[in-house]
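Quick note: the sequence shown uses my numbering, first residue 1, plus one each step. Just so you know, even glycine gets a beta-carbon here, dropped at the ideal spot from N, CA and C. Take a look at the structure set out below.
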Amino acid sequence: MTIRSEGAALHGRRRWPSSGIAVLLTGVVVAAMLLARPALAAEVTLKIHHFLPADAAVPSEFIGPWARKVEAASNGRIAFAIHPDMELGGHPPALLDQLADGTADIVYAVPSYSPGRFPRTEALEMPFLPASAEVTSRAAWDFFKAHLGEEYADYKIIAINVHGPGRIHVKGKGVSSLEDLEGLKLRGPTGMVNALMVKLGAIAVGMPVSDVMPALEKGLVEGTLAPWEIIGTLGIIDAVDAHTEFSGERGLYTVPLVFAMRRERFEALPKDLQAVIEANSGADVSADIGRIMDEADRRAKSRAQDRGDTFITLNAAETNRWKAAAASVVTAWEKDMAARGIDGAALTKAARDLVAKYAGTHSD
1 MTIRSEGAAL HGRRRWPSSG IAVLLTGVVV AAMLLARPAL AAEVTLKIHH
51 FLPADAAVPS EFIGPWARKV EAASNGRIAF AIHPDMELGG HPPALLDQLA
101 DGTADIVYAV PSYSPGRFPR TEALEMPFLP ASAEVTSRAA WDFFKAHLGE
151 EYADYKIIAI NVHGPGRIHV KGKGVSSLED LEGLKLRGPT GMVNALMVKL
201 GAIAVGMPVS DVMPALEKGL VEGTLAPWEI IGTLGIIDAV DAHTEFSGER
251 GLYTVPLVFA MRRERFEALP KDLQAVIEAN SGADVSADIG RIMDEADRRA
301 KSRAQDRGDT FITLNAAETN RWKAAAASVV TAWEKDMAAR GIDGAALTKA
351 ARDLVAKYAG THSD
């Protein structure tokens with residue numbers, strides 16, 4: 001309804017009764033007051049902390065949308081403050097500890113950045129284990145439910161996923177054979193991957209992925225093992241020009257990540273708000289993060305192809321040489337687990353069988 005001025009009424013148009021004007025103005029004032037009133041404060045505001053740039057695939061396509069979905073499902077009773085790129089301080093290996101000290105309420109973290117702390121999880125890092133990130137993330141959730149409950153007893157695991165199969169990205173002519181690894185300084189993300197690189201003849205340099213670009217610029221490493229997604233996100237793709245992949249149904253390696261909340265913090269929530277988070281946790285959520293990573297892998301790889309980088313795919317015979325060399329790394333890990341009272345052989349078999357189940361292929 002349009003409010004007409006007194007001047008318009010004097011030109012022969014309908015004149016509002018004074019009582020009608022009063023009622024109308026009262027309604028306008030009330031509406032304005034309602035619009036000006038601040039939204040009701042959330043009952044709980046949860047801080048999410050992670051190590052990735054805000055515009056990376058997982059933060060922009062999963063963490064942000066997940067937070068908005070949970071906020072809506074809780075009718076605004078849960079709110080989130082998302083802090084990317086280690087904005088709250090510390091380094092990526094500290095993220096899970098930040099749940100305990102109250103720095104954050106939820107983190108997206110790499111368990112293997114704390115070597116030896118989550119030993120059973122390392123079964124998901126075995127050489128030549130992963131299929132696509134989506135498939136392997138669904139397998140990782142099942143593996144978590146079956147084997148990792150004790151390891152993560154202090155946490156509410158909302159999702160556990162893996163990144164896409166890791167590749168070798170280097171400066172120069174690239175890696176076409178085992179012999180090309182000899183003396184090559186390569187960054188590896190975890191102890192398992194570094195052990196594999198040392199076994200294969202490389203000089204392994206362990207560091208979080210956020211440190212790779214400076215290390216490349218300073219000549220501390222000549223390349224990195226990483227999925228396509230992260231080298232695109234962090235600009236590493238512009239510092240390397242040759243990329244090595246493998247034949248067969250499995251990639252060289254992957255790394256599990258957890259989207260985790262401190263269990264005590266979770267259990268302190270009202271039961272109905274716990275149920276909202278529970279409804280937005282699990283296998284499908286884990287697989288969805290994997291799908292996002294697969295799609296980001298494809299985008300980054302396409303960038304390198306458009307630029308004319310060197311692409312090397314090792315044939316079946318050469319890939320089998322790498323698998324044979326890697327087998328002793330797996331055996332050594334299983335023996336180390338046995339010394340700690342953990343059946344590592346059973347864990348590696350379970351992980352491979354679950355990936356094969358969801359990939360619809362045989363266990364490699």
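Does DSSP put residue i in a helix, a strand or coil?
i: M337; result: helix
i: T348; result: helix
i: F246; result: strand
i: A373; result: Within the shown structure, residues of the chain are numbered from 1 to 364, placing residue 373 beyond reach of any answer.
i: L225; result: strand
i: Q98; result: helix
i: A204; result: strand
i: A39; result: Its pLDDT being 45, under 50, A39 is placed unreliably by the model, and the measurement read from it follows with that caveat. In this structure, A39 counts as coil in the three-state DSSP scheme.
i: A104; result: coil
i: P240; result: Note that residue 240 is Val in the sequence shown, not Pro. Coil, per DSSP.
i: F62; result: helix
i: L216; result: helix
i: I423; result: Absent from the model: residue 423. The displayed extent of the chain is 1 to 364, so no value can be given.
i: L234; result: coil
i: L354; result: helix
i: L196; result: helix
Taking the CB atoms as reference points, tell me whether residue i and residue j lie closer together than 8 Å.
i: A338; j: A131; result: no
i: S281; j: I82; result: no
i: H169; j: G223; result: yes
i: S286; j: S137; result: yes
i: G76; j: A42; result: yes
i: G191; j: S112; result: yes
i: P165; j: V329; result: no
i: A140; j: V107; result: no
i: V221; j: L186; result: yes
i: K171; j: V240; result: yes
i: D101; j: M261; result: no
From residue i to residue j, what distance separates their C-alpha atoms?
i: D294; j: A57; result: 10 Å
i: K368; j: A226; result: Past the edges of the chain, shown from 1 to 364, lies residue 368, and the structure says nothing about it.
i: A215; j: D55; result: 22 Å
i: D272; j: P119; result: 34 Å
i: R68; j: H49; result: 16 Å
i: L129; j: T254; result: 8 Å
i: G114; j: R321; result: Note that residue 114 is Ser in the sequence shown here, rather than Gly. Cα to Cα, the separation comes out at about 30 Å.
i: Q274; j: T244; result: 44 Å
i: A345; j: R263; result: 30 Å
i: G183; j: K218; result: 18 Å
i: K173; j: A325; result: 23 Å
i: T310; j: S177; result: 15 Å
i: G149; j: V198; result: 32 Å
i: S60; j: E87; result: 16 Å
i: A351; j: T103; result: 33 Å
i: P93; j: P189; result: 11 Å
i: G201; j: E179; result: 8 Å
i: L99; j: R298; result: 33 Å
Going along the chain, which residues of its own chain have a beta-carbon closer than 7 Å to the beta-carbon of residue i, five neighbours each way excluded?
i: S247; result: T313, L314, N315, A316 and T319
i: A300; result: W228, E229, I231, G232 and I237
Quick check: does the Cβ of residue i come within less than 7 Å of any heavy atom belonging to the ligand ADP?
i: Y152; result: In terms of ligand content, the structure shown is empty, and the ligand ADP therefore cannot be addressed.
Whose C-beta lies closer than 6 Å to the C-beta of residue i among residues of the same chain, with five residues either side of it excluded?
i: D142; result: L354
i: F62; result: I289 and I292
i: D85; result: P53
i: A296; result: A57 and E229
i: G251; result: P130 and P165
Could you pull out every residue in the same chain whose Cβ sits closer than 8 Å to the Cβ of residue i, ignoring the five residues on either side in sequence?
i: V276; result: V70, A73, S74 and I78
i: R167; result: L225, A226, P227, W228, H243, T244, E245, G251 and L252
Going along the chain, which unbroken runs of the beta strand (DSSP E) with 3 or more residues stay wholly within the region 108-190?
-> Counting only runs of 3+ residues, the beta strand (DSSP E) found wholly inside the region 108-190 occupies 155-162, 167-170 and 185-188, in chain order.
Beta strand (DSSP E) runs wholly inside the region 253-303, at least 3 long, in chain order = Complete beta strand (DSSP E) runs here, min 3: 256-262.
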